[in-house]
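**Q**
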Amino acid sequence: MNCHCGSGSSYQACCGRFLSGEQWPETAEALMRARYSAYVEGEDGFLIDSWHPLSCPSQFESILNQQWLGLKILAVNQGRLGDGSGSVEFVATFKVSGKVETLHEVSEFVREQGRWCYLSGILKQ
Ligand SMILES: [Zn+2]
Numbered sequence: 279m280n281c282h283c284g285s286g287s288s289y290q291a292c293c294g295r296f297l298s299g300e301q302w303p304e305t306a307e308a309l310m311r312a313r314y315s316a317y318v319e320g321e322d323g324f325l326i327d328s329w330h331p332l333s334c335p336s337q338f339e340s341i342l343n344q345q346w347l348g349l350k351i352l353a354v355n356q357g358r359l360g361d362g363s364g365s366v367e368f369v370a371t372f373k374v375s376g377k378v379e380t381l382h383e384v385s386e387f388v389r390e391q392g393r394w395c396y397l398s399g400i401l402k403q
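Each residue of the sequence shown is one higher than the one before, counting from 279 in this note's numbering.
Shown next, in the form of structure tokens:
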């Protein structure tokens, strides 16, 4: 099975190893992809774990009636192995109530105690 995030790699070699807890993503982009896959898989635990404590909602449940159709990474700014922060601009496509919608966001990531986490997102038009 190809990974949900559209990387072209197998799920196990890509986001699967992060969602299973075997490894933690080494870059902001890898975490962004893993979080997308977590939404597809309904892995709320991973979404909460990878959320910065300052911005993580106290009550969180992903929307299950939403069918995710694809992810496209548009731009990556920093967020590499040695960086402390980074951002990833992406478009995610999904279907809800039979209608195709897109989410265009710039996500901000920071590294906390060596682990990348999701801080916040700015919606783009
Ligand atoms: Zn992936």
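Note that beta-carbon positions come from the ideal geometry of N, C-alpha and C, so glycine has one too.
Spatial neighbours of Tyr-314 within its chain, please: CB distance less than 7 Å, with the 5 preceding and 5 following residues excluded, ordered by chain position.
**A** Once the five neighbours on either side are set aside, the close Cβ partners of Tyr-314 are His-282, Cys-283, Leu-349 and Ala-370.
**Q** Within a Cβ cutoff of 6 Å, which residues of the same chain sit near Gly-399, ignoring the five residues on either side of it in sequence?
**A** The residues are Glu-383 and Ser-385.
**Q** Which residues bound the alpha helix (DSSP H) around Ala-308?
**A** Segment 306 to 319, the alpha helix (DSSP H) holding Ala-308.
**Q** In three-state DSSP terms, what is Arg-358?
**A** Arg-358: coil per DSSP, three-state reduction.
**Q** Hey, how far is the Cα of Asp-322 from the Cα of Ser-340?
**A** Taking the straight line joining both Cα atoms gives about 6 Å.
**Q** Going by the CB atoms, is the gap between Glu-307 and Gly-360 shorter than 8 Å?
**A** No. Outside cutoff.
**Q** Alpha carbon to alpha carbon, what distance is there between Glu-300 and Val-378?
**A** One C-alpha to the other measures close to 34 Å.
**Q** How would you call Thr-380, buried or exposed, if buried means at least 16 neighbouring beta carbons within 10 angstroms?
**A** Thr-380 comes out exposed.
**Q** In chain order, what are the residues with a CB under 5 Å from some non-hydrogen atom of ligand 1?
**A** This selection yields Cys-281, Cys-283, Ser-285, Cys-292, Cys-293 and Arg-311.
**Q** I'd like to check one pair, Gln-345 with Phe-372: are the Cβ atoms closer than 8 Å?
**A** Yes, these two residues count as a Cβ contact at 8 Å.
**Q** Please list, in chain order, all residues of the same chain as Phe-324 whose beta carbon is under 6 Å from its beta carbon, the five residues on each side excluded.
**A** Excluding residues within five positions, the ones whose Cβ falls inside 6 Å are Leu-297 and Ala-316.
**Q** Looking at the structure shown, is Phe-387 part of a helix, part of a strand, or coil, going by DSSP?
**A** DSSP places Phe-387 in strand when its eight states are reduced to three.
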